[in-house]
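Chains as they are written, first to last, in the numbering used here: chain A, 846 to 1004; chain B, 6 to 1105.
Report on the structure given below.
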């Protein structure tokens, strides 16, 4: 796609990201995944920043996918992602992060082996609706992805 | 023994039967009783196998279940009998000496002298086997004296690849007390009737396969197969066989004798020189054969029987000795041959004549010794030249009349005198001149001329004898110089060499003169050089260069390409050599796409011309899209009337014109209309023409790039694969989706095929096949991302939709779908529903107070695209739709034409999907309508007003369409409805917005528009008082609808818009108010959709 994409240089980290994203794939294909989020949280499990990818896959698309449009959209998406750093704050060192997928309906564990890779998260939720900062929306048929950052609301009780 | 083998024996027998009948009839005359008995048996078998029914009856009482088992039993008994006899009558039964016929098993076919019984006796005595019945597996030789014609013709099925030998072979072998090669004893008939090479191949192959499966003596056939693998394997077996010095090798020898005998003729024809008599060297011949096999060179069939050293008697053996070595290897080493020729002791007789040649011949060895290290690269040089003939530079250096100039190099006074070299200068003058210098040549003196004749031509000709030491010295110096300048030197002769100067730096011509100068300085002799792309040309160049000169032949291709351009030069070069690399069947990629109009072009003013150009661009853009290409170079051609030209005789023709053209190249290929228009305008401007003079305009796009290619990325597959996993529930819709794919669809009509139906697409990827009753299946697609009007929906499809899809659709139509369905259930209710819908709309309309004046015009605008209906249906509409009066005038604008007026109205995507015949049909019809592009009718709507819904409609559909029309979403359409509405508004801010819409590039997104607004002074925006509320209301409405439209999929766009609005709000009272109204609505919707609030940072 003629684009520089950054990736983790630690092999295990890379594997984790890779397997997580690929584990999502079958569910995205089925249209079960509504959102996928990268959540940064502190040692107490309280999230401080969430990068949310809101997905909408139009499944009625057959083989007729306009590559050019899609590619263009994806490229602009990724470019925007790489320059979105200014929207974020520098996080302390001991923070952790995870990849969380929000399903429209919980998949049956027995149905698929892929499901077993996913465990319920114990990350805590915010009590107040978060503040959204949209980064990029692409609405190329048949794939629409929106990326926005969620930060805790200003009225959110501080830990 | 298994049944199968018996049967095969049987069938083999059967093939024999006819013959053996005749043969046995002959043998009946044989006085031998025993023989008679055998032949009777043969007869019996023949009879039995020929008439099954009788055989069955005759054997019905026998203990044998069938004929096959009978034969098995009989064969077994005969074998036992034979073995018993053999053990008693074995000649010198001691096992110390191997019997002659060990491993040989004969089958006697027909009448022989001696009789078959006598032969049987010999076999008994000498350890052979005698088969009463032919079996491919047990018999090794067929013995017969005479064969009927049918068997000769069909030798293969008769003999099964086994040798057919005369009985004398047995007798003579017994006499010689050793097994002789059977080849000389081959049946005469067969020898005359030599099989063709091809037949021979198949024969051998089968014999190999047979031999492998049986235990019978292996026949290792030096395979004459062209496959080297086969040769290799056979070679292997051959070695293993050779290592076993027992009778199998005899068999082999027999086989290969045959082989050689057959092949030697063929090879003799090919290589007559090769067959010249050589002393028979058996010992030598064996390794040479092995070599040939190992090399598996092309012609390995030249296999001889040399590995049978004991075959002293065999006369053939000697004949075949010469057939060693493959012809190719002989050819490949001419030097050896010449050397060996010179090595012939006869050369002494012509010592002086040959001595020069001898010098040249032996010189090479000396050269090799001297430049051994250097000549390593020599072989690869020659191959390299062959391999890369592209940009090579070969230099050929040849000393000028070497033999003379070397001799006279120390006689400066003779330099310009005619001199010749000859072995003797005696008075008779019958010696031949071997070389003459150029002054001598001027007199007509040539090499090979008698001295006498030469002197007659040139009385003062000086004749020198050879000076071989000097030659050697000069030759060595010559090569020293050459090797100094190039490491790839191929010596041709003592005075002639090739250099590959491809890699050397600098101009090869300079190098050549340098080499020549050095040669002259060191040797005192001149040399000529030729430089060209290959050795042949270099040599020819030298010929031109001589004497003492050099010649460079540049590659013709280059000079051609210099004169005619790269491609054409190459083509000419190739064609002149009969080279044409074009492939059949590949469609020639079009080099350029364009459109040209040179009839009827008359412009009144610049605006006319610009209009025309933009339409032309549209056309070209669509042609590009139709071809699936994008171009980089744009050429605008103008036909300009000559000053003195009169009005052309052809009406509206272009007459006498000057042809002008300008072109420009852009870095990125495009097929975009706007880019085209911009470029074209620039180009047009660069002509500085009076538009009235223009008689023709053409736009051509070249340097085409395939759109497909540019789209194909690496991730194509991966992306596609998971995006295209279409679920089953949408399957029925998918078949139509290709039509709906594009977000901005244009109307397209496929004419002529009723079954095509009416296709209707919308933005959500739904497309519903219209079960239309129109005779011309007109496909209508909505211009923008608007769901098709309800009226276009087919009831059949709607009803069969899954409930969730239906509800989704229903949502899109704002709940009217249910109404629609219900409406269609009862036709009687039709009117009521329509009326209800109208009343509903009217209430809505009333709500928008202050807009009352706007509404009709807006509706009118909306109507034009939608209501372009065939006139004949207006009558039907009126009764069906109560409120349709206002739309009737709009219908007046319609066209009855079903064909789009230009390609520009054809959706290329659809066009590409159409079947080939249809496409052609459409394209054929289009030119007839092409003129309409330039008709004022179309020019009235420079913006893209969809000419949709041209299809005929039924009354019930029309009633439904009103619902859609009055559901006037501000953001529907291209341009969105609000643009038109705002344009005609009397409110400044709205006017600005509408204006900005066009200015921002008509993308349909709000943020570019707002950005444009931010560039104008915001304070202006507050500078109005009239209709503040009205403007506020409609703008808020606009924003709300926009939010609604985008909230699902493009929160970013909304975010950008609101940040801009927020910025405006800091300066403008109007925007503050608006922002405050819309902001809560926005946050509510965001919260609903995303579970959070948009973070409108206060930084800006």
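No residue lacks a Cβ here, since even glycine has one placed at the ideal position from N, Cα and C.
DSSP three-state label for residue i, please.
i	result
residue 406(B)	coil
residue 1094(B)	helix
residue 106(B)	coil
residue 710(B)	strand
residue 79(B)	helix
residue 1001(B)	helix
residue 1012(B)	helix
residue 625(B)	helix
residue 1101(B)	coil
residue 983(A)	strand
residue 150(B)	coil
residue 548(B)	helix
residue 964(A)	coil
residue 435(B)	coil
residue 601(B)	strand
residue 559(B)	coil
residue 414(B)	coil
residue 916(A)	helix
residue 190(B)	helix
residue 143(B)	coil
residue 617(B)	helix
Near residue i, which residues of its chain fall below 7 Å by C-beta distance, leaving aside the five closest residues on each side in sequence?
i	result
residue 462(B)	448, 449, 450
residue 534(B)	400, 401, 402, 517, 520, 521, 547, 550, 555
residue 629(B)	598, 635, 636, 676, 706
residue 565(B)	574, 577, 578
Short of 8 Å in beta carbon distance, which residues of its chain neighbour residue i, apart from the five on each side in sequence? Order them along the chain.
i	result
residue 525(B)	531, 532
residue 444(B)	421, 422, 423, 424
residue 894(A)	884, 885, 933, 934, 936, 994, 995, 996
residue 583(B)	none
So if DSSP puts residue i in a beta bridge, which residue, or which two residues, is it bridged to?
i	result
residue 942(A)	885(A)
residue 978(A)	994(A)
residue 401(B)	503(B), 535(B)
residue 440(B)	426(B)
residue 989(A)	901(A), 984(A)
residue 469(B)	426(B)
residue 641(B)	667(B), 704(B)
With a CB to CB cut of under 6 Å and the five nearest residues on each side skipped, what residues in its chain are close to residue i?
i	result
residue 841(B)	Note that residue 841(B) scores a pLDDT of 45, beneath 50, so its modelled location is shaky; the value from the coordinates is reported in the next line. Closer than 6 Å at the Cβ level, and outside the excluded window around residue 841(B), lies no residue.
residue 1106(B)	Residue 1106(B) is absent from the structure shown; chain B starts at 6 and stops at 1105.
residue 607(B)	none
So residue i contacts chain D; which residues on that side make the cut at Cβ distance below 7 Å?
i	result
residue 879(A)	Considering every chain present, this structure includes no chain D. Its protein chains are A and B.
What residues in the segment 543–567 of chain B bring their beta carbon closer than 8 Å to a beta carbon of chain A?
Close to chain A, meaning a Cβ-Cβ distance shorter than 8 Å, is no residue of the segment 543–567 of chain B at all.
Please identify, using Cβ separations under 7 Å, the residues of the segment 922–937 of chain A that lie next to chain B, in order along the chain.
Listed in chain order, the positions of the segment 922–937 of chain A with a beta carbon within less than 7 Å of a beta carbon of chain B would be empty, since no residue qualifies.
Secondary structure, alpha helix (DSSP H): runs of 4+ residues fully inside the segment 111–140 of chain B
Listed in chain order, the complete alpha helix (DSSP H) runs (minimum 4 residues) inside the segment 111–140 of chain B are 121–130.
In chain order, what residues of the segment 963–982 of chain A put their CB closer than 8 Å to some CB of chain B?
Hits within the stretch, in order: 974, 975, 976, 977, 978, 979, 980, 981, 982.
Runs of 3 residues minimum, wholly inside the segment 475–533 of chain B: which ones carry the beta strand (DSSP E) assignment?
The DSSP assignment places 494–498, 501–505 as complete runs of the beta strand (DSSP E) inside the segment 475–533 of chain B, in order along the chain (cut-off: 3 residues).
Any C-beta of chain A within less than 7 Å: which residues of the segment 1081–1101 of chain B qualify?
Cβ contacts with chain A: 1091, 1092, 1095, 1096, 1097, 1098, 1099, 1100.
Curious, which full-length alpha helix (DSSP H) runs of at least 4 residues does the segment 658–699 of chain B contain?
Complete alpha helix (DSSP H) runs here, min 4: 678–692.
Check each residue of the segment 1053–1068 of chain B: if its Cβ is closer than 7 Å to any Cβ of chain A, include it; give the result in chain order.
Of all residues in the segment 1053–1068 of chain B, only 1054, 1055, 1056, 1057, 1058, 1060 come within less than 7 Å of chain A when Cβ atoms are compared, listed by chain position.
Taking beta-carbon pairs under 7 Å, can you tell me which members of the segment 850–865 of chain A lie near chain B?
Listed in sequence order: no entries.
Give the residues from the segment 876–904 of chain A that approach chain B closer than 7 Å (Cβ to any Cβ), ordered along the chain.
If the cut-off is 7 Å between Cβ atoms, the segment 876–904 of chain A has 901, 902, 903, 904 near chain B.
Residues of the segment 937–948 of chain A with Cβ closer than 7 Å to any Cβ of chain B, in chain order
Going along the segment 937–948 of chain A in chain order, one finds no residue with a Cβ nearer than 7 Å to chain B.
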